[in-house]
Every structure is written in C-alpha cells, then in structure tokens.
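Count along the sequence shown from 1, add 3, and you get the number used in the numbering used here. Don't be surprised by glycine CBs; every beta carbon is placed ideally from N, CA and C. Data first, discussion second: the structure below is written as structure tokens.
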Amino acid sequence: AEEASGQADITVTGLSLPEADDAYSTVVITLDENVRVENALRDIPGLQQFRRSDARTANPTSQGITLRGLGGNASSRAVLLLDGVPQADPFGGWVAWPGYDALALGSARITRGGGSGVEGSGAIAGSVELFSQDVGNLIELGAAYGSRDSVEADLLFGRKLGQGQLTISANYARGDGFIPIIKSQRGAVDRPSEYEQAGVAVRYAVPLNEDTELQANVRAFTDDRERGFAFSENHNDGADASIRLVNRASDWQWSALAYVQIRNFDVSFGGVADDRNSVSRVFEQFDVPSTGLGARFEVRPPVGENVELRIGGDWRRTVGETKENYFFADNDTPRRSRNAGGSTATYGAFVEASVQAGERLTLTGGGRLDYWTINDGLLREIELIDPFPGSVRTDEKFDDRDGTEFTARGGFAYDASSQLTVRGAAYLGWRLPTLNELFRPFRVGDDATAANALLEPERVKGAELGLDWKSDAVSVGITAFYNKLDDAVANVTLATGPGTFPGVGFVAPGATYSQRQNLDSIESKGIEIDTEFDLSHLVKNLSARAAYAYVDAKVNGSGDAAAVDGLRPAQIPEHNVSAGLRWNLENGTGASLSMRYTSSQFEDDQNVMQLDDALIVDGAVAFAVNDRLLIEGRVENLFDARVEAAISNTNIIERTFPRTFWIGLRSKIE
C-alpha cells in the first residue's frame, strides 16, 4: 500500500468529501492489486485487527478492526464502508476480508477517531472507507503461483453500457498452508492450515437524469480455512446487495441507500492433548446464520457559499442465531446442543455543519441521536443422548431492552500558512454490542469464553490536536489524542479448569473460563505521525513513506474485572511503525520495499502471556514485457520473521505466515 496523507486519488462514488474532514486525522492510501486488503491496511499505524494473522489462517471471528488501542475483544470499533455501504458482519461485527478484491478497489481513506458522527453509531474509533475504481472499458487478468502450492487469480472487467458503467470483478485464492505451531512445539496432530477462498462482485452505475445517478451492487464470497489440526475447520460465506441514488449536481444534493447482508458460518473446535499427539472434538457451531438490513439518507441543502450543512438518518437491523453441539462423548457424538440468538436495531438521525469562518479557518460541529433495541434474546440447551435425550437443561428468554444515545463532535482547521494547517477535534461516540457478544460463546484451544446477554453499549469520549505540513516534496501529519471508552466489552477471565461452567460446558485442566463483560473503561492516549516523500529529484518516479503510532492504553476495572485494573488491554501493542520505498514507471515496470514493526503485546487480559515484537519486510518487482503484459515477483516476510499470533494457556505459540515467494503474470487490455 502507498500512504499518501490525503494526496492519493479518490474516485468518489457518493456525495463529495465533506468539509468537516479537514478537522480530523485522515490518511488516504492507494491499494496495490497484489496485496490482500487486510494486509494493506496494516501499513496504517494505529489501525489493527485483533490478531496478527491475516485471513488465510486467522479464525474469521477474530478479524474485526479498531484504531487507537480501543479494544477489549475482537469486535470492530471502526466502521468499514465500501462505496458508502456498511461492511461489518451482521452477527459479529468482524470483516470477511476474502470477499474483497484489491484489483477492483482504487483507494482507502482512514479517519482515526471522530466518534459517532454521520458514518453511524459504531464508529467510535474511526472509519475505513474503501472506494471502487472507475475502470471504463477494461479487461485485466492476473494470476500468481507461490510457496506451498499457493495460487491467486483475479479478474476485473469494465464496460460502458450506454451512459452506464458495468464493472465485474472476481478473485480466487488457495494454498496448502503452513503449520501454525512453531517447530519446536509441534506434535503428531499438527499439520498445514490449508485455505480456499473466492469472491465475485458486480456493480452497475447509470445516470437517471442530469442530476441523479443509480448505483447497484451485488457481491458474494466463500471462505474455507483450517487452523492446522483436526476439528479446526472454518467455513464462512455470504452475499450482499445494495442500491443507492446519488444527486451531487443540483443545489439540494442528496443520497439514499438501502442494503441487505446475508451471512452463514460454521466452525469446529478441537481440544489438543498437552503432548500434541492427540486431538478430540470439543465444540462445534454447525450453523450460524445472520441477516443485516439497513438504509441511510442524507441531504445537503444550499445554505450559503461558506456553509456546508448535512442532515440525515440511518437504520440498521441485525438478526442471527448460533446452533451448536458440545460436551462430546466421542468425535461424532455430541451429548448436548445449544441454540442462542436474538436481534438488534438502531435508528439514528444526525446533523452536521461546517463553516468557512474566514480565509483560513474552518469550523465544524454536529450531533447525533440514536434509539436502539435488543429483542428476542434466547438461550436453549438440550440433552441429545441417554439417559435423558431431548430433556431441556436451559430454556431462557431474555427481556427486551432499548435505550437512546446522544453523541456529538466538533472541530476546527486553521491554515497558519500555505503549507501548515493546525487542527483539533473533540467527540462522543457509542457502539451497541453485537449479537456475537450478546449470545455466542466461543473457544480458542482449550480456553472458553461465554456470551453475556446483559451487556451495555460502549461509550467513548475523545479529543485530539494535530498539524499537517505540506511542501512540493514532503508531507507530514502529526496528531496527539486521548480517548476513554466507558463500558468497554472485554473477555474477562473468571476461573481456571477443570470444571463445567455456564454457557460453555466443560473446561479442561489449566484452561481458562472467561465471560464477556463491560469493563469500567479503557483509556488510550498517544501520538500518530504520517510522512511522505517525493524523491523524484533523486530518481524519477521514486517515493517513500514512513509512519509511526504510539498508544498508551490501560484498563480500569472493578468487580470481576478488578484483577485487570491498571493493566494493558489484550492484543494492543504500544508501538507500530511502517515504512516503504516505491518506484514505478507508467508502463507498470517498478519495484517496492515495505517494512512493518509491531512491538510486543499481551495475549491475555491479565498480562501474563506476551507475544514478542515483530519486524516484517515485504518486496515486489514488476517488468513490463509490452504494453499489455507484466511479469511480477513478490515476497512476503522476506527474512522469515517469527510473528507470534497467539499463545495458549500451556504456552504453545502460534505464528503467522512465514516467508512466501510469488511469481505471476498480469495482463491489461483497454
């Protein structure tokens, strides 16, 4: 990915970018078609997924995104949008990264901080906006072969149909995978974690008249991966559809959006013996269907040359359940079955105004009011085999709940000179717990975590102060921030096995039993630095970038969470650094080198198990054979660094992807 501190080209498919954005910390990157989207976003320090693994080996439910250390579990605290359409999984809030093809995407815009504003109630840590390419008439094909019998292929097709634009994209990836457990700790059960993933998307945009455009999108994906031993398979698939009307030409600019998300996943959990020479099935979620529905409307009335007014509302509803078997007599015979689920809804209205208060000063402020509901919550557990098959162990229906949340944000941007802008902002935000947090238990190895149907919404308050300096060859952005996330949802350790515990069943000796709970708060403060350098005066078309984020985060806990009071949230590193060097010619010939460093971070909420720091170096070269054909070579993790992704209660270490070489061809016909 190429970081551009706001200078990369963006193909705006909705209304124009708002004036209010000048007051917030915003970074724009150009997406490389050969880099997985989730890995490209890792080049933004302070933006992270819960696990260091990417979507080839991580459990799909661990792949939520957050910013600025705001996280107590794997749920997303940042909103992800694709051409304005929310992308988070309706059941769990995580992101199905295999469903995105970087080839079809032009750029990404990341806003760090900002609270719950016009983007929706879940954007307490910020927002990530993905933008589709404007492809015109184009056919582009790419295929690559890599280490461990890995294959990647993608297709982008664009065609002008009358006044409209049709775009079709497809992607496929598979690999035999690597063994996640480090070599010195492997046993007979450990094997490569194979994966196979595919996605397809169709987009059609056509003007209805001089002012209004219709945009229709449909996409689907499928994702199969294994975690490196028997009974660890995951399957995740889904389909999305959206329709949007955009009027960006008349005095009264407006947009209207409606969308639907359909998801289903199943996952199996195996318990591995201490010597890693045997494994047995302990838990399976064999059917977890969910549906997300939503709509959004925004209007920008003409109120004067120096004023931008945004008024609108949004609605989102999620429905889902988990069907699971547990407490196995043998690998094929569960003793008990559990069904849990419910629905949530949010109804929001917002208003935001930006005023050009002088030649140099922009002021912005706005508010948002949300009404939320949690309905139809249930938990039912039954016996499946003798002596009492069909008998009900638990049959609980949770009370419906609702509430209102008011949030606001405001900021300023002052052009101190033609090169220097000083900016500041303060904001409030909130997030409703996901169906996953409310109703779905889960396991990581032998450790088990119970759901909690009584979780309260999270609420954030924050402030930041920054500056942006730009010259012809250099751009620098610096931001200092403070955030406090009240009622942060986290996995709180309650007991150690052996034993049978509510909501999860049996927990093995030495393994931990946890429950999702609201902490008192998580406090996070730090600094972010983004730089970009145009080095074309040294070598034509040469550029460099460097970025750094420091996050000082701590937990405030009491009651069951008193043991973690003053500790660092799990999976939050203190330091993140990224840097890159890129050289490209217009015909596609080029080379790039990138580096990412992540400091150590704790695996657990009690700060006992620590993941070591890691430095990853990636590289790529491309040679244009002619104006239609490129030969490409890439390497991931050039020095084969051991990047630790997880540590079990028995100190078994799981790593992320090892060194991987790729060779490929890419053809473009315009």
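Per DSSP, reduced to three states, the secondary structure at residue 392 is coil, with no helix or strand assignment.
With contacts defined by Cβ atoms closer than 8 Å, residue 405 and residue 376 form a contacting pair. Cβ atoms of residue 452 and residue 521 stay farther apart than 8 Å, at about 15 Å. Judged by DSSP in its simplified three-state form, residue 188 adopts helix. Between residue 237 and residue 62, the gap from beta carbon to beta carbon is short of 8 Å.
Within 10 angstroms of the beta-carbon of residue 232 lie 16 or more other beta-carbons, which makes it buried. Around the C-beta of residue 525, 16 or more other C-beta atoms lie within 10 Å, and the residue is accordingly described as buried. Per DSSP, residue 37 lies in no beta strand (DSSP E) segment and is marked neither H nor E. Assignment of beta-bridge partners to residue 589 by DSSP yields no partner. Closest option to residue 646, judged by alpha-carbon separation, among 382, 604, 637 and 627: 604. Per DSSP, the continuous alpha helix (DSSP H) segment holding residue 439 begins and ends at 438–442. With contact defined as three or more Cβ pairs closer than 8 Å, the region 196–209 and the region 160–173 are in contact. Residue 327 and residue 672 have their C-alpha atoms some 49 Å from each other.
Residue 188 places its beta carbon 8 Å or farther from that of residue 634. The continuous beta strand (DSSP E) containing residue 207 extends over residues 198–210. For residue 472, the secondary structure class from DSSP, reduced to helix, strand or coil, is strand.
The shortest CA-to-CA distance from residue 30 to any of 152, 480, 347 and 151 is the one to 480. In the three-state reduction of the DSSP assignment, residue 180 falls in the coil class. Taking the Cα of residue 588 as reference, the smallest distance to any Cα among 543, 68, 263 and 255 is reached at 543. It is roughly 38 Å from the alpha-carbon of residue 556 to the alpha-carbon of residue 179. Cβ atoms of residue 576 and residue 592 stay farther apart than 8 Å, at about 36 Å.
Between the alpha carbons of residue 250 and residue 653 lies a gap of roughly 58 Å. For the set 214, 224 and 216, the Cα lying nearest the Cα of residue 200 is the one of 224. Just so you know, the alpha carbons of residue 510 and residue 385 end up roughly 19 Å apart.
Cβ-Cβ separation between residue 412 and residue 369: approximately 6 Å, consistent with a contact (criterion under 8 Å).
Comparing alpha carbon positions, the residue from 76, 98, 25 and 55 closest to residue 572 is 76. Residue nearest to residue 101 within the set 346, 60 and 213 is 60 (criterion: CA-CA distance). Cβ-Cβ separation between residue 501 and residue 313: approximately 56 Å, too far for a contact (criterion under 8 Å). Excluding residues up to 5 positions away in sequence, 28, 467, 469 and 531 lie with their Cβ nearer than 6 Å to the Cβ of residue 482 in the same chain. Using a Cβ-Cβ distance cut-off of 8 Å, the region 616–628 and the region 112–126 are not in contact, since fewer than three pairs of beta carbons, one from each stretch, lie closer than that value. Inter-residue distance for residue 217 and residue 259 is about 10 Å (C-alpha atoms, whole angstroms). The region 304–312 and the region 325–339 do not touch, with fewer than three beta-carbon pairs separated by less than 8 Å. In its chain, beyond the 5 residues on either side, 149, 150 and 639 have a beta carbon closer than 6 Å to the beta carbon of residue 663. Assignment of residue 65 by DSSP, reduced to helix, strand and coil, places it in the helix class. A check of alpha carbon separations from residue 234 across 222, 194 and 350 identifies 194 as the nearest. In the three-state DSSP reduction, residue 22 falls in the helix class (H, G or I).
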